[in-house]
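Contents: one structure, followed by commentary.
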Amino acid sequence: MSDWTLEGKTVLITGATGGIGLAAAVAMARQGAHLVLIGRNQARGLDAISEIRRRAGLERAEFLRADFASLAEVRRLALAFVAEDRPLHVLVNNAGIMNTSRKLTVDGFEEMFAVNHLAHFLLTRLLLGRLQECAPARIVHVASNAHAFCKGMRWHDLSHEREFSAFPAYGHSKLANILFSNELARRLRGTGLSSNALHPGAVATGIGGNNGIAGRVVPMLLKPFFRSPARGAATTVYLASAAEVDGVTGRYFYDSKPVDPKPWALDAHAAGRLWVRSEKLLGDLLQP
Numbered sequence: 595m596s597d598w599t600l601e602g603k604t605v606l607i608t609g610a611t612g613g614i615g616l617a618a619a620v621a622m623a624r625q626g627a628h629l630v631l632i633g634r635n636q637a638r639g640l641d642a643i644s645e646i647r648r649r650a651g652l653e654r655a656e657f658l659r660a661d662f663a664s665l666a667e668v669r670r671l672a673l674a675f676v677a678e679d680r681p682l683h684v685l686v687n688n689a690g691i692m693n694t695s696r697k698l699t700v701d702g703f704e705e706m707f708a709v710n711h712l713a714h715f716l717l718t719r720l721l722l723g724r725l726q727e728c729a730p731a732r733i734v735h736v737a738s739n740a741h742a743f744c745k746g747m748r749w750h751d752l753s754h755e756r757e758f759s760a761f762p763a764y765g766h767s768k769l770a771n772i773l774f775s776n777e778l779a780r781r782l783r784g785t786g787l788s789s790n791a792l793h794p795g796a797v798a799t800g801i802g803g804n805n806g807i808a809g810r811v812v813p814m815l816l817k818p819f820f821r822s823p824a825r826g827a828a829t830t831v832y833l834a835s836a837a838e839v840d841g842v843t844g845r846y847f848y849d850s851k852p853v854d855p856k857p858w859a860l861d862a863h864a865a866g867r868l869w870v871r872s873e874k875l876l877g878d879l880l881q882p
């Protein structure tokens with residue numbers, strides 16, 4: 595059995611000012627981790643730090659602001675973190691959005707694909723060197739069983755310009771999370787870094803709340819049937835902290851157990867193709 599623990603380790607969590615991200619941060623702070631919370635709203639970030647300090651009983655968190663709808667901001671965040679020469683032992687790619695209508699980012703990408711996949715691809719790539727310096731280290735991707743809403747990557751239309759439907763487009767971005775995790779695991783074998791993805795379950799969070807009244811009312815009506823953020827965060831915390839998954843990589847988890855995603859999420863050719871395509875889309879932003 596590995597002696598891995600979170601005590602004294604630095605964990606960076608994207609989308610950490612509410613929902614699953616905040617619940618995971620509280621749980622990991624209680625295990626002795628130092629948390630670096632990423633979010634786009636400064637006030638919510640400071641509130642999250644206060645909540646972690648209150649619930650975990652220790653000052654184990656700091657907040658860095660970045661809007662993942664801007665790839666330039668993601669790059670700025672990553673390079674600033676690296677420049678400070680701080681350790682990084684766990685990266686949790688948790689931030690996510692769900693839109694009911696097609697929206698574009700400042701970079702011209704469909705927003706769910708950009709925030710849920712491209713931003714995390716960029717962040718991870720720019721932080722890989724620091725993670726390798728601190729190996730053994732872990733990368734955890736919060737994906738979703740929503741990848742069942744599509745049947746593969748839309749190579750001809752990654753930004754859903756020709757046709758947009760909310761749930762398939764969201765599932766498309768979550769499929770990208772799993773494919774990225776798997777390809778990353780393949781490329782990192784033997785380095786001491788692991789990469790795993792997970793399905794948190796249907797969780798009562800604020801995701802989708804940016805879609806007007808319907809985006810707020812529907813989740814409220816469904817909330818009694820959803821998991822709490824703490825329960826939804828349990829598998830994230832498990833993959834970041836459990837000694838028994840040391841060395842486990844390239845897997846997909848649900849309720850802290852490895853499960854098989856849909857066959858198209860296990861397509862190694864598609865995973866490699868997505869890696870190359872993402873590199874091409876990001877271009878010079880990937881340069882350290």
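Per the working numbering, residue 595 is the first one in the sequence shown, and the count goes up by one each step.
The beta-carbon is built from N, C-alpha and C at its ideal position, and this holds for glycine as well.
What distance in whole Å lies between the Cβ atoms of residue j and residue i, which are believed to be in contact at a cut-off of 8 Å?
i: glutamate 777; j: alanine 672; result: Not really, about 19 Å apart at Cβ, beyond 8 Å.
i: alanine 891; j: leucine 600; result: Nothing can be reported for residue 891, as the shown portion of the chain is limited to 595 through 882.
i: glutamate 656; j: leucine 631; result: 7 Å
i: threonine 829; j: leucine 792; result: 5 Å
i: glycine 690; j: proline 823; result: Contact flag wrong, Cβ pair sits at about 13 Å.
i: arginine 696; j: phenylalanine 758; result: 4 Å
Relative to the C-alpha of residue i, which residue among the options is closest?
i: histidine 663; options: Ala708, Pro681, Asn687 and Asn688; result: Note that residue 663 is alanine in the sequence shown here, rather than histidine. For alanine 663, the nearest C-alpha among the options comes from Ala708.
i: isoleucine 646; options: Gly615, Val676, Asp849 and Ser789; result: Gly615
i: valine 700; options: Phe715, Leu658 and Glu667; result: Glu667
i: glycine 633; options: Gln625, Ile643, Ala650 and Asp661; result: Asp661
i: leucine 782; options: Gly795, Thr843 and Asn710; result: Thr843
i: histidine 683; options: Glu838, Ala796 and Met622; result: Met622
i: arginine 748; options: Ala637, Ala770, Val736 and Arg659; result: Ala770
i: aspartate 878; options: Ala677, Gly639 and Arg719; result: Arg719
i: serine 767; options: Asn739, Pro794 and Gly786; result: Asn739
i: glutamine 625; options: Gly841, Val831 and Arg871; result: Val831
i: glycine 841; options: Arg780, Phe703, Lys874 and Glu678; result: Arg780
i: arginine 669; options: Ala689, Arg659, Leu698 and Leu716; result: Leu716
i: serine 788; options: Leu833, Ile691, Gly639 and Gly613; result: Leu833
i: leucine 665; options: Pro857, Phe703, Tyr764 and Val734; result: Phe703
i: tryptophan 598; options: Gly786, Trp858, Asn688 and Arg659; result: Gly786
i: glycine 723; options: Gly639, Arg696 and Pro681; result: Pro681
i: leucine 876; options: His714, Pro857, Trp858 and Ala760; result: His714
Could you tell me the alpha carbon to alpha carbon distance between residue i and residue j, rounded to whole angstroms?
i: leucine 712; j: lysine 745; result: 20 Å
i: glycine 602; j: leucine 725; result: 15 Å
i: asparagine 790; j: arginine 732; result: 8 Å
i: alanine 742; j: threonine 604; result: 33 Å
i: glutamine 881; j: tyrosine 846; result: 29 Å
i: lysine 851; j: proline 762; result: 26 Å
i: leucine 816; j: asparagine 693; result: Summary for leucine 816: the model assigns pLDDT 41, below 50, so the residue's position carries little reliability, and this model does not support an answer.
i: aspartate 641; j: threonine 611; result: 8 Å
i: arginine 649; j: valine 620; result: 7 Å
i: valine 736; j: alanine 836; result: 16 Å
i: serine 775; j: leucine 860; result: 10 Å
i: proline 794; j: isoleucine 643; result: 23 Å
i: tyrosine 848; j: valine 676; result: 32 Å
i: asparagine 710; j: histidine 754; result: 15 Å
i: valine 853; j: glutamate 678; result: 38 Å
i: alanine 618; j: alanine 674; result: 24 Å
i: leucine 698; j: histidine 750; result: 17 Å
i: leucine 721; j: glutamate 727; result: 10 Å
i: arginine 871; j: serine 596; result: 36 Å
i: lysine 874; j: leucine 752; result: 13 Å
i: methionine 706; j: proline 730; result: 31 Å
i: threonine 608; j: glycine 651; result: 22 Å
i: tyrosine 764; j: alanine 796; result: 14 Å
i: glycine 784; j: valine 839; result: 15 Å
i: leucine 629; j: valine 734; result: 15 Å
i: asparagine 688; j: tryptophan 858; result: 22 Å
i: proline 818; j: glycine 639; result: Because proline 818 carries a pLDDT of 49, less than 50, the predicted location of this residue cannot be relied on, and no value is offered for it.
i: asparagine 635; j: alanine 760; result: 25 Å
Would you give the residue range spanned by the beta strand (DSSP E) that residue i belongs to?
i: asparagine 693; result: Taken as a continuous stretch (DSSP letters only), asparagine 693 belongs to no beta strand (DSSP E), as it is neither H nor E.
i: lysine 851; result: 851-853
i: glycine 615; result: From DSSP, glycine 615 is part of no beta strand (DSSP E) but of the alpha helix (DSSP H) over 613-624.
i: glycine 866; result: Glycine 866 -> not in any beta strand (DSSP E); alpha helix (DSSP H) instead, spanning 862-876.
i: alanine 655; result: 655-659
i: threonine 608; result: 604-608
i: histidine 735; result: 731-736
With residue i as the anchor, note down where its alpha helix (DSSP H) starts and where it stops.
i: glutamate 645; result: 636-650
i: arginine 790; result: Reading the sequence as shown, one finds asparagine at residue 790 and not arginine. Counting along the chain, asparagine 790 falls outside any alpha helix (DSSP H), though it belongs to the beta strand (DSSP E) covering 787-793.
i: asparagine 771; result: 760-782
i: alanine 887; result: Any property of residue 887 remains undetermined from this structure, which presents the chain solely from 595 to 882.
i: phenylalanine 715; result: 713-727
i: leucine 752; result: Premise fails: leucine 752 is in no alpha helix (DSSP H) and is neither H nor E.
i: alanine 666; result: 665-677
Buried or exposed for residue i, going by 16 or more other Cβ atoms inside 10 Å?
i: leucine 868; result: buried
i: alanine 862; result: exposed
i: valine 686; result: buried
i: proline 855; result: buried
i: arginine 756; result: exposed
i: alanine 637; result: exposed
i: glycine 826; result: buried
i: methionine 814; result: Residue placement at methionine 814 cannot be trusted, given a pLDDT of 47 that sits under 50; what the coordinates show is reported in the next sentence. With fewer than 16 Cβ atoms within 10 Å of its Cβ, methionine 814 is classed as exposed.
Looking at chain C, is there any beta carbon in it that lies within less than 7 Å of the beta carbon of residue i?
i: valine 620; result: Of the protein chains in the structure, only one exists, and it is not chain C.
The ligand ZN and residue i: does any heavy atom of the ligand fall closer than 6 Å to the residue's C-beta?
i: proline 730; result: Ligands are entirely absent from the displayed structure, and the ligand ZN is therefore not among its contents.
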